[in-house]
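S.K.:
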Amino acid sequence: MKNIFFFFLFFLYSCQTNNVIISSKPVNIKRKIISFEENKEVSILIADNNDIIEVFKENISTNCKKIKLGKSYSLKIIPVSDLIQHGIESPNEYILNDSTIIKYNHYYTLEKNQNICIIK
Numbered sequence: 039m040k041n042i043f044f045f046f047l048f049f050l051y052s053c054q055t056n057n058v059i060i061s062s063k064p065v066n067i068k069r070k071i072i073s074f075e076e077n078k079e080v081s082i083l084i085a086d087n088n089d090i091i092e093v094f095k096e097n098i099s100t101n102c103k104k105i106k107l108g109k110s111y112s113l114k115i116i117p118v119s120d121l122i123q124h125g126i127e128s129p130n131e132y133i134l135n136d137s138t139i140i141k142y143n144h145y146y147t148l149e150k151n152q153n154i155c156i157i158k
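In this note's numbering, the protein residues as written are 39 to 158.
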C-alpha cells in the first residue's frame with residue numbers, strides 16, 4: 039500500500055507543469071553603432087560591444103531613421119537572446135543570408151519596424 043501511495047505522489051508530481059512567464063517587454067538601451075548590414079527584410083545594427091539590433095523594415099514608408107556610424111543612440115528594444123531557454127546550447131550567430139553570418143554578444147530587436155539610412 040505504501041508503494042502505491044508513493045507511486046501516486048510521484049505520478050501527480052511528474053504530471054504538473056510549471057508556469058514560466060518570460061517577459062518580452064521593451065526596454066531602453068544605449069549603444070554605439072559601429073557597423074550595419076541588411077537584406078530585403080531586415081537591417082542589422084552592430085554595436086561596439088558586439089551586440090546586434092535587428093530592425094524589421096517598413097514596407098509602406100519612404101522615411102528612414104538616420105544613423106551615423108560611430109555615434110551612440112538610445113533605442114527601445116526587445117531582448118531576443120534573453121528569451122532563449124537556459125540549458126539549450128545554441129551558437130551566438132545571426133544568419134543574415136547565405137554569405138553573411140554575424141557573431142553577437144546579445145541579440146535585440148527594435149520595438150518598431152522602420153527603415154534605416156546610414157549617413158556619412
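Ideal Cβ placement from N, Cα and C applies to all residues, glycine included.
1) Buried or exposed, going by whether 16 or more other CB atoms sit within 10 Å of the CB of Ser99?
2) Can you tell me the Cβ-Cβ gap for Tyr146 and Tyr132, rounded? I've got them flagged as a contact below 8 Å.
3) With 16 other CB atoms within 10 Å as the buried threshold, where does Glu92 fall?
4) Pull up the distance between the alpha-carbon of Ile90 and that of Asn101, whole angstroms please.
5) Exposed or buried, which one is Ile139 when buried takes at least 16 other CB atoms within 10 Å?
6) Are Ile72 and Ile105 touching if we call contact CB-CB under 8 Å?
M.R.: Taking the coordinates as given:
1) As a first step, residue 99 is located in the sequence shown; it is residue number 61 there, counting from the start. Classification for Ser99: exposed.
2) The sequence position of residue 146 within the sequence shown is 108, counting from 1. The sequence position of residue 132 within the sequence shown is 94, counting from 1. At roughly 11 Å, the Cβ-Cβ gap does not stay under 8 Å, so Tyr146 and Tyr132 are not in contact.
3) What you label residue 92 is simply residue 54 of the sequence shown in a count that begins at 1. Classification of Glu92: buried, given that the 10 Å Cβ count is 16 or more.
4) Here residue 90 corresponds to residue number 52 of the sequence shown, with the count starting at 1. Here residue 101 corresponds to residue number 63 of the sequence shown, with the count starting at 1. Whole-angstrom Cα-Cα distance: 22 Å.
5) Working through the sequence shown from its first residue, we reach residue 139 at position 101. The residue in question, Ile139, is exposed, as its Cβ has fewer than 16 Cβ neighbours within 10 Å.
6) Stepping through the sequence shown from its first residue, residue 72 is reached at position 34. Stepping through the sequence shown from its first residue, residue 105 is reached at position 67. No, Cβ-Cβ distance for Ile72 and Ile105 is not below 8 Å.
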